[in-house]
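Student:
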Amino acid sequence: MRSDNKLRRSVLLRSGAAALLVAGIGAGVASAAQTVTLTETGSTLLYPLFNIWVPHFEKAHPGIRVTTQGTGSGTGIAQAIKGLVQIGASDAYMSNGQLKQNPGILNIPLAISAQSINYNIPGLNGHHLVFSGPVLADIYSGKITNWDSPAIAKLNPGVKLPNHKIIPVHRTDGSGDTFIFSQYLSFSTPEWNSKVGYGTSISWPAVQGGLGAQGNPGMVEALKGNKFSIAYVGVSFTKQIDAAKLGTAKLVNRAGKALLPTASTISAAAAALGDKTPADERISLVFAPGANSYPIINYEYAIVNKKQPNKATADAVKTLLTWASNEGNSEQYLKQVHFKALPKKIRELSAKQIAQIGS
Amino acid sequence: MSAMHDAAPARLTTLERRRYATNIVGWGLCTLAFLLIAVPLLDLVLTVTLKGASAFSIELFTTSTNGVTGGLQNAIIGTLVLSLGSLLIATPIGIGAGIYLSEYGSNRLAATVRFLADTLTGTPSIVLGYFSYITMVIGLGWKFSALAGAITLAIMVVPYLARITELSLRRVPTSMREAAYALGARDHTVASRIVLAAAAPGVITGVLLSLAISVGETAPLIYTAGWSNYLWTGKLTNEPIGYLTYVIWTFINEPNPESHALAFAAALLVMLVVLAINIGVRMVMRRDP
Amino acid sequence: MSKVKPFRLAMAAVALVIPLALAAIVFFLARYSWQAIGFNGLRFLWTINWNLGNLYGNTVMRHGYEVPPGANYGILAFIVGTLFSSFLAILFAVPVSVGAAMFLSEKAPARMRPWLTMLVELVAVVPSVVFGLWGIFVLVPLIANWISPAITATLGFIPFFNMSNSTGSGYGLLAASIVLALMITPIITTTLYDALNQVPRELRESAYALGATHFEVVTSTMLPTARVTLIGGIVLALGRALGETMAVLMVSGGALNYLPGTIFTPISTMAAFILSQLDSALQDPSNMAVKSLAEIALVLFVITVLVNAAARLLVRRTINVRNA
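Protein sequences, first through last, are from chains Z, L and W.
Going by full-length UniProt numbering, the first sequence opens with residue 1, and the numbers climb by one from there.
Going by full-length UniProt numbering, the second sequence opens with residue 1, and the numbers climb by one from there.
Going by full-length UniProt numbering, the third sequence opens with residue 1, and the numbers climb by one from there.
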């Protein structure tokens, strides 16, 4: 009977799926027998580096597996605090309020990264336009609406700017890039500081036509898809920016010079403020003093709970973090994402924090 | 009024001409309306198939995702675990509820349950996901886990299972039940051995359709199942698990072609399962009405 | 003598899981969002800005609740986004659905009818995230390159339809509405199709006998009998559109803190907002942000329940294969 055939077919289907399932689970369970699995989530700025790190790390330490996710620094902090992941990656350190609520959380720098301001203007993408904090603040508040406005022209004498509306793109997810970008705006522009402030999620002034994007990849896609747009993107996406032939801006630093994010300008900024890093390593490196300091750099943090559920996990986390801040900081990995290594003093501070992790 | 079907109308009045024209234009628009539905669907299936098939390889099924590249093995296993797990939970409840509604359900309580089942089907999936996040992931401390994901999916499909089971059971002729009772059978025998057995094809249809629904869901799983780059280790709680729809949603945002290819491959797999189940079910229903 | 019938009782108990689950959802959402409801009050519904406040400052006490300084939660932008996109989707979907239902029940060749009907039903089972994928790859570029210029050229004298007032990226209200329209069309079409098939033959034949054209037979005599069912189907489709999450999230552009000025402007809907903002909200040390998100979930839940209840009153239908 037809219904019998259907019954038979569906039984066959289900037993086939069950067999596949059992095989897969068997493989999974077998491999899980002696391994610890860690989950890392958070910053899309650190994500490319973590993906480069993980295969090398797992080869060096076969008993530890690491799942990575690029979900935004806000997610990294939030899920690390809640214990949903062992390592939250974040370009932003935790606030005093968050620390007060969650005293056992460590902010451990793993590398030094930076952020670029990119734009998509036909004809000008090869030219490095100059922007300053106050000008960017006005663009993102809607006070400057056109590319050929006098404020922008003043910073870029002799450049033929198009008469077109600016499309500012900002992050919609909780973002460490938003954090350091808004810090640049806050530290350089008192009006932005009082009206908007900084954070991983801020109340962006309404700019008609402004776009929201998710993650650094989303920012790159938004730039590619919208002419006359401007966005803040982490330097680990320089490869994609260059492949899409988008423009990279020179930013005016605290000393008044306009700089590109290069190895030397990033190092200069890190050196200028590195000594001031406190024991809990929460410090902003944005708008550093010094003639050659690039204004938007930051520590890439691993947000970790001091107390892990068991000794195996705690040891695995410590191994991963130690590897990341030492072997992981070697040029072969960092140069792929245009990051800089942690100075020795910071590495020692990080090691002291890592030692506090236990169960 | 002269009949439109006269063999050779002498001359059409303006009104008749306009009515003829309206007829033609009207049906033309209706055909266009149908095409406006059919063409995007076919384009969608075509796009997903072409772009997804180009990413197919043996490695897709034998390797797991690694960051933003790799294969889909972990996601495939994860989707199977979550969907079949949700069916494991939902099937007994759904069939039991369906039996109640069909066999013993001509009272006010049953009417309420029916209404609430319909309400549950209309609940936005993100609301369910948020609820599960508050209660299971955080409240019960399960963290991201296969169990939280499976239970959330189960809540989604139970009302469908209940109503489809009820419908299938109702179509079994009453005479069969009466004959069984007359022979001295008890309630549970009548319900399971007689009525359910007779309605088995319909019930299995319901189960398959629920499988199709759970394979394609994303929002309920994002904050319950988490994500993992590795095969499921068998842990029900405190361990996140990967699934195919996560790949579709996340990898499409990564700015490299390998990730896009994986996203489309995952979409193709999901769509194959969903379409196969739905087309199969409908074709069977046509043969045995 | 009434015996206790254990099996029936057992089955009833199992069936009660459904109302229990529903009650649990309402209870936990309400309990979790209780403080937010108190803090936000009614201005929650008509404030445009969703302001998490200064998450890096110390929390302050306002109205008796501990919140970050400057925190002010308003969801008008998302209510508008949700309602606008859903209503536009209905606007697009209804004529197409009615036309398609008429085509399927009257004009489609009898042999192809089951296949064509199945084609329409299959649109309803495509997962939302796959619709979003197609939306990103096919629909959004289509809107950016062809549809937006076309609309601006014809209707551009109305500022709402003029793309120069917006970004022209393709992501936005129009994309979300079109995707929603596609997803809900099968609901209306199949509901109407079933109703049209149930119109008594006598009604059709008497209309023909009076000399009506085929089109007139359907529009003047058959459709009116299905009016209530059609409206019920539309309301049901509205309920589905209001709660749709993934597809809308992927093509709507993720707007924050402003209302759309044109049909091409990015929007945010309540469902999409909950999904995309949960982790940002979790960073609030006072937890008021997550509770306000739970409040959004509650509001969305109540709205969809009311709309679906209204639909069920209008259409007494049973869930069967095609509507699952």
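The beta carbon of each residue, even a glycine, is placed where N, CA and C say it ideally should be.
These figures come from a predicted structure and were not determined experimentally.
#1: Leaving out five residues on either side along the sequence, give the residues of the same chain with a beta carbon under 7 angstroms from the beta carbon of I155 (chain L).
#2: Helix, strand or coil: which one does DSSP assign to Y301 (chain Z)?
#3: Looking only at its own chain, which residues have a Cβ that is under 6 angstroms from the Cβ of K51 (chain L), when we skip the five neighbours before and after it?
#4: If contact means a Cβ-Cβ distance below 9 angstroms, which residues of the stretch 36 to 57 of chain W contact chain Z?
#5: Using a Cβ cut-off of 8 angstroms, which residues of the stretch 137 to 170 of chain L contact any Cβ in chain Z, in chain order?
#6: Is I152 (chain Z) near G209 (chain Z), with beta carbons less than 7 angstroms apart?
#7: Taking the beta strand (DSSP E) that H170 (chain Z) belongs to, which residues open and close that run?
#8: Can you confirm whether the stretch 20 to 33 of chain L touches the stretch 201 to 214 of chain W when touching is taken to mean that 3 or more C-beta pairs between the two stretches lie within less than 8 angstroms?
#9: Using the C-alpha atoms, what's the distance from S175 (chain Z) back to S97 (chain W)?
#10: Specify, as a first and last residue, the run of the beta strand (DSSP E) that K335 (chain Z) falls within.
#11: What does N51 (chain Z) reach in chain L if we use C-beta pairs closer than 7 angstroms?
#12: Can you name the start and end residues of the alpha helix (DSSP H) that A213 (chain Z) belongs to?
#13: Mind checking which residues open and close the alpha helix (DSSP H) that includes N74 (chain L)?
#14: For my contact list, M250 (chain W) and G132 (chain W) are in at a C-beta cut-off of 8 angstroms; report their separation, rounded to the angstrom.
#15: Residues of chain Z with a CB under 8 angstroms from the CB of P266 (chain W): which are they?
#16: Comparing the C-beta of Y171 (chain W) with each C-beta of chain L, is any distance below 7 angstroms?
#17: Below 7 angstroms between beta carbons is the criterion; list the residues of the stretch 82 to 96 of chain Z that meet it against any residue of chain L, in chain order.
#18: Quick check: the Cα distance between L101 (chain L) and V179 (chain W), rounded to an integer number of angstroms?
#19: For the stretch 112 to 128 of chain Z, list every residue whose C-beta sits within 7 angstroms of some C-beta in chain W, in sequence order.
#20: So does the stretch 175 to 191 of chain W actually touch the stretch 275 to 285 of chain W, counting three or more Cβ pairs closer than 8 angstroms?
#21: Where does the unbroken alpha helix (DSSP H) through Y181 (chain L) begin, and where does it stop?
#22: Hey, could you find the ends of the beta strand (DSSP E) Y232 (chain Z) is sitting in?
#23: Taking DSSP as the reference, what is the three-state secondary structure of A55 (chain L)?
#24: Within 10 Å of its beta-carbon, does H63 (chain W) have 16 or more other beta-carbons around it, so buried, or fewer, so exposed?
#25: What are the residues in the stretch 288 to 300 of chain W lying within 7 angstroms of chain L by C-beta distance?
#26: Can you grab the Cα-Cα spacing for the pair N320 (chain W) / E103 (chain L), in whole Å?
#27: Whose C-beta lies closer than 6 angstroms to the C-beta of A207 (chain W) among residues of the same chain, with five residues either side of it excluded?
#28: Pick helix, strand or coil for K160 (chain Z), following the three-state DSSP scheme.
#29: Kindly identify the DSSP beta-bridge partner or partners of Q115 (chain Z).
#30: Taking the CB atoms as reference points, tell me whether A241 (chain W) and A89 (chain W) lie closer together than 7 angstroms.
#31: For residue 335 (chain W) and E244 (chain W), I'd like the C-alpha separation in whole angstroms.
#32: Can a CB atom of chain L be found closer than 7 angstroms to the CB of A71 (chain W)?
#33: So is S57 (chain L) buried or exposed if we call it buried at 16+ other beta carbons inside 10 Å?
#34: The stretch 153 to 187 of chain Z: which residues have C-beta closer than 9 angstroms to a C-beta of chain W, in chain order?
#35: Using the Cα positions of A176 (chain W) and A247 (chain W), report the straight-line distance between them to the nearest angstrom.
#36: Counting only C-beta atoms, is Y193 (chain W) closer than 7 angstroms to chain Z at any point?
Tutor: In short, the structure shows the following:
#1: L128
#2: strand
#3: F264
#4: I48, N49, W50, N51, L52, G53, N54, L55, Y56, G57
#5: V137, I138, K143, F144
#6: no
#7: 167 to 171
#8: yes
#9: 42 angstroms
#10: No beta strand (DSSP E) holds K335 (chain Z); the alpha helix (DSSP H) holding it covers 331 to 337.
#11: G67, V68
#12: Where A213 (chain Z) is concerned, there is no enclosing alpha helix (DSSP H), although the beta strand (DSSP E) it sits in stretches over 211 to 213.
#13: 73 to 103
#14: 3 angstroms
#15: L211, G212
#16: no
#17: K82, G83, L84
#18: 36 angstroms
#19: none
#20: no
#21: 174 to 182
#22: 229 to 234
#23: coil
#24: exposed
#25: A294, A297, L300
#26: Only weak support is given to the placement of N320 (chain W): the predicted model assigns it a pLDDT of 47, under 50, and the value that follows is read from those uncertain coordinates. Going by the C-alpha atoms only, they are around 18 angstroms apart.
#27: V217, T221
#28: coil
#29: Z:G234
#30: yes
#31: Only positions 1 to 324 of chain W appear in the structure, and residue 335 (chain W) is not among them; the question remains open.
#32: no
#33: exposed
#34: K165, I167, H170, T172, D173, G174, S175, F179
#35: 8 angstroms
#36: no
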